[in-house]
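Numbering follows the UniProt record's numbering, in which position 149 of the sequence shown is assigned residue number 149; successive positions increment by one, without gaps.
The structure appears right after this line, and notes come after that.
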Amino acid sequence: MRTRGWQGDLPQDEDEARARILAAATRIVERVGLAKTRLADVAIEAGVTRQTVYRYFSSVDEMLTAVATAGAADFLDRMAQALDHVRTADEAAVETILYCLRSMPDEPALGLMLRAGATEFFTREATSASAVTLGAEMLRRLPVDWATEGYDDEALEGLAELVMRIWLSFQQYPNHPPRSDEELRTYLRTWLGHNH
């Protein structure tokens, strides 16, 4: 780690350096939006050179993916708390889709990208293997006895991918007129549940 820069406050280690760059990137995205976020501006915000930022992130896309990933951990914790009443796989799928539709646009790191119209970014990233793994982790945090429900790790990843694809579809192509939460819940229960 270099000893210059960082506005005179050197990070203790590489992890702290990376975290500071991510925090600077998040502030820039919040201030100017996704489309106008430039690596040079992040460097200025963090008090380092562009080369320092490139040590940690090879591109703006990689940096923005890291910003979204960092925001995801906090989002998952809050989602698990909000959905602590869910007990079945069917309800987990339905309520996860609804929670993401209602909460994601207001997320500091994730929602900014949606509001900026970065649907291509989300489409590409949300269906990647790492995103599906993250989605499975999201479902695992819910108080569902997945084994009793008939889900092993592979099946849970399949359900996570389906949930993400349905969420993306509703996010990109909302109903006109919009459905209420209860109308959407009924629709999803009808077609995602085992009893249709």
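Beta carbons: idealized from backbone N, C-alpha and C, even for Gly.
Bear in mind the structure is a predicted one, so any value in this text is a computation, not a measurement.
>> Considering only the alpha carbon of each residue, which of Ile44, Glu62, Pro105, Glu16 lies closest to glutamine 172?
In response: Pro105
>> Let me make sure I understand the geometry here. Which of Asp145, Thr26, Leu168, Leu22 has the alpha-carbon closest to that of valine 132?
In response: Leu168
> Since tyrosine 151 contacts alanine 89 with CB under 8 Å, what's their CB separation in whole angstroms?
Replying inline: 6 Å
> Quick one: Cα of serine 180 to Cα of threonine 96, how far?
Replying inline: 16 Å
>> So, at 7 Å on beta carbons, what are the nonlocal neighbours of proline 143 in its own chain, with the 5 sequence-adjacent residues on each side left out?
In response: Asp84, Val86, Arg87
> When you compare only the Cα positions, how much space is there between leucine 76 and leucine 98?
Replying inline: 14 Å
>> My output table needs one value for arginine 141: the three-state DSSP class, helix, strand or coil.
In response: coil
> If you draw a straight line from the alpha carbon of leucine 156 to that of threonine 52, how long is it in whole angstroms?
Replying inline: 39 Å
>> Please classify alanine 147 as buried or exposed, where buried requires at least 16 other C-beta atoms within 10 Å of its C-beta.
In response: exposed
>> Let's see if you can read the secondary structure: which residues bound the alpha helix (DSSP H) around arginine 18?
In response: 14–32
> So which of Ala24, Leu192, Trp6 has the shortest CA-CA distance to arginine 165?
Replying inline: Leu192
>> Mapping the DSSP letters down to three states, classify glutamate 95 as helix, strand or coil.
In response: helix
> Whose C-beta lies closer than 7 Å to the C-beta of alanine 116 among residues of the same chain, with five residues either side of it excluded?
Replying inline: With a pLDDT of only 49 at alanine 116, under the threshold of 50, the placement of this residue in the model should not be trusted; the figure read from the coordinates follows. Hits under 7 Å: Gly33, Leu34, Ala35.
> Exposed or buried, which one is glycine 135 when buried takes at least 16 other CB atoms within 10 Å?
Replying inline: buried
> Under the rule that 16 or more other beta-carbon atoms within 10 Å means buried, what is glycine 8, buried or exposed?
Replying inline: exposed
> For arginine 20, is the classification buried or exposed, using 16 other Cβ atoms within 10 angstroms of its Cβ as the cut-off for buried?
Replying inline: buried
>> Do alanine 68 and phenylalanine 57 count as a contact pair if the criterion is CB distance below 9 Å?
In response: no
> arginine 38 by DSSP, collapsed to three states: which one?
Replying inline: coil
> In this structure, does DSSP put leucine 184 in helix, strand or coil?
Replying inline: helix
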